[in-house]
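A.B. asks:
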Amino acid sequence: QSLEFLGLDVSKHDIRFVEDNWESPTLGAWGLGWEVWLDGMEVTQFTYFQQVGGLACDPVAVEITYGTERLAMYLQGVDTVFDIVWNTNEHGTTTYKDIHLEGEIEFSKYNFEIADTSMLFKHFDDAFNECKRCLEAGLPLPAYDQCMIASHAFNTLDARKAISVTQRQNYILRVRELAQGCAVLYKEQEPERLKRLGYSS
């Protein structure tokens, strides 16, 4: 129905549900899910989360995501994301290419070729240690922020191929340790947080 709401005539397209269970090893999260294919290209995915931060979800949480650029390509009848019309006004037409191409080029070069791996290894260790300090201080939200910084450093190191196969598993486990620590602490503090917000009886 959501695709019809956008203006797609579903009777004129090949729409399929393809099983695609989702997992994030670094976050200790996984769920049962399906991709929605539109003429052979994934445009939507929904996931029923079974676990987040190593903790079972009760009740099971559901997430639905949309590939907005891919849907825009269908709606506008273009073959490449860079031809999507971003805006049109009295000054002319602005495309996705005008807004995002330079960033795509520069960040690709940075992430795959230029990023300082020595600095990133240090950033990872610093964020890991700071996350631990925040958890010890009872601050799950700042801790999670540091967890995300560590995860981003790991992903960039992975893109730079600076981490060996054996190191990679170790880094995944270290990020998962942080994510699980954040989730456990946040859940432990839930009664106090709800009381502070005025939701408890």
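With the first letter of the sequence shown counted as 1, position 144 gets the number 144 in our numbering; the numbers rise by one all the way through. For each residue, glycine too, the CB sits at the ideal point set by N, CA and C.
Considering only C-alpha positions, which residue in the set ASP126, GLY103, HIS13 is nearest to LEU75?
C.D. replies: On the sequence shown, residue 75 is found 75 positions in, with the first residue counted as 1. Here the closest residue by C-alpha is HIS13.
A.B. asks: Starting from ILE64, trace the beta strand (DSSP E) in both directions and tell me its first and last residue.
C.D. replies: Reading the sequence shown from its first residue, position 64 is the one you call residue 64. Note, ILE64: beta strand (DSSP E), 55-66.
A.B. asks: Return the Cβ separation of TYR48 and LEU32 in integer angstroms, given the expectation that the two are a contact with Cβ distance under 8 Å.
C.D. replies: Stepping through the sequence shown from its first residue, residue 48 is reached at position 48. Stepping through the sequence shown from its first residue, residue 32 is reached at position 32. Yes, TYR48 and LEU32 are in contact; Cβ-Cβ is about 5 Å, under 8 Å.
A.B. asks: Can you list, in chain order, the residues of its chain whose CB lies under 8 Å from that of THR95, leaving out five sequence neighbours each side?
C.D. replies: Indexing the sequence shown from 1 puts residue 95 at position 95. Short of 8 Å from the beta carbon of THR95, and not among the five residues preceding or following it, lie these beta carbons of its own chain, in chain order: PHE82, ASP83, ILE84, VAL85, TRP86.
A.B. asks: Quick test of the definition: if touching needs 3 or more C-beta pairs under 8 Å, does the segment 131-151 touch the segment 99-119?
C.D. replies: The segment 131-151 vs the segment 99-119: no contact.
A.B. asks: I need the DSSP call for LEU157, collapsed to helix, strand or coil.
C.D. replies: For the purposes of this step, residue 157 is taken as the residue at position 157 of the sequence shown. Helix.
A.B. asks: For PHE112, which of GLU136, ASN129, ALA127, ILE163 has the nearest alpha-carbon?
C.D. replies: Stepping through the sequence shown from its first residue, residue 112 is reached at position 112. Among GLU136, ASN129, ALA127, ILE163, the Cα nearest to that of PHE112 is on ILE163.
A.B. asks: What residues in its chain sit with their C-beta under 6 Å from that of CYS207, if we drop five residues either side in the sequence?
C.D. replies: An answer regarding residue 207 cannot be provided, because it is not within the stretch 1 to 201 covered by the chain.
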